[in-house]
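Trainee: Residue numbers (the numbering used here): 520 to 1097.
Note that the Cβ used here is the ideal one computed from N, Cα and C, for glycine as well.
(1) Exposed or buried, what is residue 956 when buried is set at 16 or more other beta-carbons lying within 10 Å of its beta-carbon?
(2) Taking 7 Å as the cut-off, decide whether the C-beta atoms of residue 877 and residue 939 are in contact.
(3) What residues match up with residue 1094 in a beta bridge as DSSP calls it?
(4) Do residue 936 and residue 908 have their CB atoms nearer than 7 Å?
(5) Jot down the residue ranges of each uninterrupted beta strand (DSSP E) in the stretch 907 to 943, minimum 3 residues, whole runs only, in chain order.
(6) Count the other C-beta atoms from every protein chain shown that fall within 10 angstroms of the C-beta of residue 665, then say buried if there are 16 or more, exposed otherwise.
(7) Measure the C-alpha to C-alpha separation of residue 743 and residue 604 and round it to an integer number of angstroms.
(8) From 566, 680, 1067, 1085, pick the residue whose C-alpha is nearest to that of residue 531; which is it?
(9) Helix, strand or coil for residue 1086? Go by DSSP, reduced to three states.
(10) Could you tell me the distance, in whole angstroms, from the CA atom of residue 779 to the CA atom of residue 885?
(11) Where does residue 996 sit, in a helix, a strand or coil, going by DSSP?
(12) Pull up the CB-CB distance for residue 867 and residue 897, whole angstroms please, since I reckon it's below 8 Å.
(13) Report the rounded CA-to-CA distance for residue 1078 versus residue 1093, giving the unit in angstroms.
(14) With C-beta atoms as the reference, is residue 929 less than 7 Å away from residue 900?
(15) Using a 10 Å radius around the Cβ and a threshold of 16 neighbouring Cβ atoms, would you call residue 808 buried or exposed?
(16) Can you list, in chain order, the stretches of the beta strand (DSSP E) that have 3 or more residues and sit fully within the stretch 998 to 1037?
(17) Going along the chain, which residues of its own chain have a beta-carbon closer than 7 Å to the beta-carbon of residue 1046, five neighbours each way excluded?
(18) Less than 7 Å between the beta carbons of residue 727 and residue 618, yes or no?
(19) Quick one: grab the DSSP three-state call for residue 847.
(20) Quick one: what's got a C-beta closer than 6 Å to residue 1043's C-beta in the same chain, skipping five residues either side?
(21) Three-state secondary structure (DSSP) at residue 769?
(22) Can you tell me the Cβ-Cβ gap for residue 1096 and residue 1074, rounded? I've got them flagged as a contact below 8 Å.
(23) Using a 10 Å radius around the Cβ and a threshold of 16 neighbouring Cβ atoms, would you call residue 811 buried or exposed?
(24) Touch check for the stretch 570 to 580 and the stretch 606 to 618: three-plus C-beta pairs under 8 Å?
(25) Does DSSP classify residue 702 as helix, strand or coil?
(26) Which value, in whole angstroms, describes the spacing of the CA atoms of residue 934 and residue 971?
(27) Rounded to the nearest angstrom, what separates residue 758 and residue 826 at their Cα positions?
(28) With distance defined between alpha-carbon atoms, name the residue in 1086, 682, 555 nearest to residue 527.
(29) Which residue marks the beginning of the beta strand (DSSP E) containing residue 894, and which one marks its end?
(30) Going by C-alpha distance, which of 563, 722, 538, 592 is nearest residue 623?
(31) Could you work out which residue in 944, 713, 1002, 687 is closest to residue 636 when comparing CA atoms only?
(32) How long is the line joining the alpha carbons of residue 987 and residue 1023, rounded to whole angstroms?
(33) Three-state secondary structure (DSSP) at residue 991?
(34) Rounded to whole angstroms, what is the Cα-Cα separation between residue 669 and residue 631?
(35) Tell whether a beta-carbon distance below 7 Å holds between residue 874 and residue 902.
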């Protein structure tokens, strides 16, 4: 599938898998700039905004979608429900009449602490499904949408449709109708209401006739609003200025502060005038992956421009055999992953979640990402992450250039290579000042007890960061020492270059770190001498110490697809000096 250069599309790409040795290609044709895939809603017209007074503007009230309930609904099989509690949450689910009664005695602190589950649901890729239930709450409550997902790790979401919350008035029965378009085939999918932290202690919820059945795609109502999912960022005039996300309307103090009103599916924005008089372009980034490759394999993405998405640029779990090359990925992340009460924001440029193997990311430019430009990570039992190569990429203004972790110890990681990349100014992006945990790291290695083999970080340029170029205080020393971190160029004259092995190291102490860890031969601590980093020209100057200083890794081309090496040895970084 080829997109015409110079054109732009909005929404989400859910690719199809190829077959062994036969890739499906998503790329570009024609002349001009790369085709853009935007994960945002544009609010550029003055009629897009309603004056709420006192310097506040909103996107107004979306029309309510019609509820389409099949006449035969009462004859459908009602689904069995289960409750799962953790993290201090406590509740009791008992059958009652035509459904269940859920009594909560302790709320928990996060959505996953109390999960109401319907399982054993068969779904097929491309199928459309409808959830119908009658629900009543003893208190006023905003009931989150139920998520269609994988039953076990990595708990991948299966539907590309919004999962809107529903307002329940105390003591009143409400008919809940939700639609799903599955992009995966599974004989044992599940629906999950994440109730932890939302349902107060002492509350009673009644669920009657919970059904989940296939339906005609024509029954799915048109999206009542293009803001039916969380807005994780507002990009003004293409950047670099972005909105500052707040959690309630009372916190909108400074120009550009905004709040996503989850219940009413609208955005409130602080601005003295109609926002379109202040900015020519307002892109409201939505919390969904621009490319959702969950469960996919044998796919190539090339020559695409992915921008303005509030989840991941490319994301999804249980993926193998993909190639991402010559992509531009920018202004990614910031969406609310968990919802209230925790409000955890997230978003990576390219993420491989859970079981992952045989991936190549090369010659991509990635900038302005809330979390990591590139990452593979997992939190499921016995999960392998193998044969993942990131090479010849240029990364700047991301919170982390490369993030890695794999849990628990029954999982394993083998042959992950982060090589010949140029990484600049970690922590200088749009999201840094909005984070509750500002990091600014080039290499961010969280606690990951899974055994590691053939893990290579070599021939990279790491210049400038707000915190640590190498962050690994939670990583077990034996795991860190099993990684090869060789022939990289580091430059961070201020602060601590490294936080690992229970101590800090400045760049002047790099030799001491190298001696202690024993896995970092041939690294350079020196100014990189880039051609013009202010103009985003990250090529090496002819007199750069990185020239000819790299390790021979069999990489035969540089970022520009010119032959490597061009001199006595390969240059460190993504470019070869000619």
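Mentor: Checking against the coordinates, here is how it stands:
(1) Exposed, because fewer than 16 other Cβ atoms sit within 10 Å of the Cβ of residue 956.
(2) The answer is no: Cβ separation not under 7 Å.
(3) Looking at the DSSP assignment, residue 1094 forms no beta bridge with any residue, so it has no partner.
(4) With a cutoff of 7 Å on beta-carbon distance, residue 936 and residue 908 are scored as near each other.
(5) The beta strand (DSSP E) runs of length 3 or more contained entirely in the stretch 907 to 943 are, from start to end of the chain, 913 to 926, 931 to 938.
(6) Classification of residue 665: buried, given that the 10 Å Cβ count is 16 or more.
(7) In this predicted model, residue 743 has a pLDDT of only 44, less than 50, meaning its place in the structure is not dependable; the value taken from the coordinates is given anyway. Each residue's Cα considered, the two are about 34 Å apart.
(8) Comparing Cα positions, the closest option is 680.
(9) The three-state secondary structure of residue 1086, taken from DSSP, is coil.
(10) The alpha-carbon separation between residue 779 and residue 885 amounts to approximately 26 Å.
(11) For residue 996, the three-state secondary structure derived from DSSP is helix.
(12) Actually they do not touch by this definition, with Cβ atoms about 14 Å apart.
(13) Approximately 5 Å, taken between the alpha carbons.
(14) Yes.
(15) Note on residue 808: 16 or more other CB atoms within 10 angstroms of its CB, so buried under the neighbour-count rule.
(16) Runs of the beta strand (DSSP E) inside the stretch 998 to 1037: 1003 to 1005, 1008 to 1010, 1017 to 1019, 1022 to 1024.
(17) Here residue 1046 has 1010 as same chain residues with Cβ atoms under 7 Å from its own Cβ, once five neighbours each way along the sequence are excluded.
(18) One thing to note: residue 727 has its Cβ within 7 Å of the Cβ of residue 618.
(19) Look at residue 847 here: in three-state DSSP terms it is strand.
(20) Sequence-distant partners of residue 1043 (beyond 5 residues in either direction) whose C-beta falls short of 6 Å from its own C-beta, in its chain, are 1008, 1064.
(21) Collapsing the DSSP output to three states places residue 769 in a helix.
(22) A Cβ-Cβ separation of about 15 Å leaves residue 1096 out of contact with residue 1074 under the 8 Å criterion.
(23) Buried is the call here.
(24) The way I'd put it, the stretch 570 to 580 doesn't touch the stretch 606 to 618; fewer than three beta-carbon pairs between them come closer than 8 Å.
(25) In this structure, residue 702 counts as coil in the three-state DSSP scheme.
(26) Cα-Cα distance, rounded: 8 Å.
(27) Residue 758 and residue 826 have their C-alpha atoms roughly 11 Å apart.
(28) Checked all of 1086, 682, 555; the closest Cα to residue 527 is 555.
(29) First-last of the beta strand (DSSP E) with residue 894: 884 to 898.
(30) Comparing Cα-Cα distances from residue 623 to each of 563, 722, 538, 592, the minimum goes to 722.
(31) It is 713.
(32) If you draw a straight line from the Cα of residue 987 to the Cα of residue 1023, it comes to about 9 Å.
(33) Of the three classes helix, strand and coil, the one that applies to residue 991 here is strand, per DSSP.
(34) Distance from the CA atom of residue 669 to the CA atom of residue 631, rounded to whole angstroms, is 15 Å.
(35) Cβ atoms of residue 874 and residue 902: closer than 7 Å.
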